[in-house]
Ligand SMILES: C[S@@+](CC[C@H](N)C(=O)[O-])C[C@H]1O[C@@H](n2cnc3c(N)ncnc32)[C@H](O)[C@@H]1O
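And the structure:
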């Protein structure tokens, strides 16, 4: 449930935030979009919603330089803020775009229902005559490794159909297709095996058509729920953008003082491989995992490098040098950060680094992480760190 903030009797917004309960028992996201696509380390939507609602005003611009599955950007848009999400992971951009179309849910439902009907026709046509449709499976897909032959066939029918579409519906269908790959895959033990490219023990059939239909319907339901929560119609939603790049590089192209607020959760040191976690989708999209992986900050697979820790701190610093420049004077920069008890301590170092950059710490709150999420290597709590750029002096 979304926690209601009390009427604003606080003169200092940080006091208001300090009085909130940040533990969100069970860590259940209030946004119906959250669980539609697998993405490790997602924020629950109530956290960015509370920060954006308290530290910015409608019409302001919000930045998330590590936007992942787009939680911050979605909440910013819902609350009437302009927003930019940047991430090195190309699947992050796909996920974010598919969830943020400023189109009425009823329209989306009509479009997607029509696509489902056509796919059903296609499925019938192909099962009657395999020759009637030239199926496409990109050469980068390790089809016989990950999928039962019948599932692979169904996936290739879906993929071939999606390639013939364009615009909003193509992005939505690519999103739904990507979201079912983990369930369609024969590896059922843990996503870590897919991440590490380990062959499944045996082949199990999953009905890709049913999975896809469910995914499309769930996306439509999330849009209906979004529209229900909006005060005005979706046509009034502000424009939002996503960029796929290293954040330091992407931000170097942006203007000074462009953003009123930054809300993000940078990768924790040596805990997750975000690019490799999307291996199945990367294969269908013909994306080279190696290229993106080398640009990823703090990846788990880099943890044993001699200079892994120094590289992590210096990568994050490079991003926040830009963040400080693009943030308006007096603007807040909020960061959710955890650290694994199995790795070197990072939070004190990062607080010091941001202070040196010109973003002194204004507030730190430690929040519990639900057991379900803490299984990522030994993260039992996370810190909400709020930094503030010096306001312009009165004279
Ligand atoms: C903790 S996750 C963010 C999760 C996000 N807040 C959400 O709710 O889904 C950290 C993100 O940082 C991204 N990342 C890692 N290195 C990056 C870099 N150099 N530039 C931009 N993004 C990067 C990862 O791909 C990952 O999506």
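Residue numbers (my numbering): 143 to 537. In this text, a Cβ means the ideal position worked out from N, Cα and C, and glycines have one as well. Quantities reported herein were computed from a predicted structural model and do not represent experimental measurements.
1. Go ahead and pull the three-state DSSP assignment for residue 415.
2. Residue 298 lies in the alpha helix (DSSP H); which residues open and close that run?
3. When we look at the beta-carbon of residue 262 and count the other beta-carbons within 10 Å, is it buried (16 or more) or exposed?
4. Output needed for residue 379: all residues of its chain with C-beta closer than 7 Å, excluding positions within five of it in sequence on either side, in chain order.
5. Classify residue 375 as helix, strand or coil using the three-state DSSP reduction.
6. Here's the rule I'm using: 16 or more other beta-carbon atoms within 10 Å means buried, otherwise exposed. How should residue 193 be labelled?
7. Quick check: is any heavy atom of ligand 1 less than 6 Å from the C-beta of residue 234?
8. Please go through the same chain and pick out, in chain order, the residues whose beta-carbon is closer than 7 Å to the beta-carbon of residue 533, but skip the five residues on each side of it.
9. What residues match up with residue 480 in a beta bridge as DSSP calls it?
10. For residue 162, name the three-state secondary structure that DSSP assigns.
11. Going by DSSP in three states, residue 529 sits in which element: helix, strand or coil?
12. So who's on the other strand from residue 225, going by DSSP bridges?
13. Just checking residue 185 against ligand 1 - is the residue's beta carbon closer than 6 Å to any of the ligand's heavy atoms?
14. Measure the Cβ-Cβ separation of residue 489 and residue 462 and say whether it is below 7 Å.
15. Going along the chain, which residues of its own chain have a beta-carbon closer than 6 Å to the beta-carbon of residue 383, five neighbours each way excluded?
16. Run the CB neighbour count on residue 487, radius 10 Å, all protein chains shown included, and call it buried at 16 or more, exposed below.
17. For the stretch 233-249 against the stretch 360-380, do three or more pairs of beta-carbon atoms, one drawn from each stretch, fall closer than 8 Å, so that the two count as touching?
18. Please state whether DSSP places residue 194 in a helix, a strand or coil.
19. Taking C-alpha atoms, which residue in 530, 319, 222 and 510 lies nearest to residue 163?
20. Could you work out which residue in 320, 186, 206 and 250 is closest to residue 428 when comparing CA atoms only?
21. So does residue 203 have its beta carbon nearer than 6 Å to some heavy atom of ligand 1?
22. Give a yes or no on contact between the stretch 327-341 and the stretch 253-260, applying the rule of three or more CB pairs nearer than 8 Å.
23. Does the distance from the CB of residue 208 to the CB of residue 293 come in under 7 Å?
24. Taking 8 Å as the limit between beta carbons, can you name the residues of its chain near residue 216, skipping five residues before and five after?
25. Could you compute how far the alpha carbon of residue 221 sits from the alpha carbon of residue 286?
26. Judging by CA-CA distance, which residue of 521, 504 and 520 is the nearest neighbour of residue 529?
27. Taking 6 Å as the cut-off, is the CB of residue 229 close to at least one heavy atom of ligand 1?
28. Cβ of residue 342 versus every heavy atom of ligand 1: is any distance shorter than 6 Å?
29. Does at least one heavy atom of ligand 1 sit under 6 Å from the Cβ of residue 211?
30. Any idea what DSSP makes of residue 503, helix, strand or coil?
31. Assign residue 281 to one of two classes, buried (16 or more other C-beta atoms within 10 Å of its C-beta) or exposed (fewer than that).
32. Kindly indicate which residue of 393, 419 and 437 has the alpha-carbon position closest to the one of residue 127.
33. Does residue 155 come out as helix, strand or coil in the three-state DSSP assignment?
With the structure as the only source:
1. coil
2. 291-305
3. exposed
4. 219 and 244
5. coil
6. buried
7. yes
8. 471 and 472
9. 524
10. coil
11. strand
12. 204 and 382
13. yes
14. no
15. 226
16. exposed
17. yes
18. helix
19. 510
20. 320
21. no
22. no
23. no
24. 173, 175, 187, 238, 241 and 242
25. 45 Å
26. 504
27. yes
28. no
29. yes
30. strand
31. exposed
32. Look at the range of the chain in this structure, 143 to 537, and you will see that residue 127 is not part of it.
33. helix
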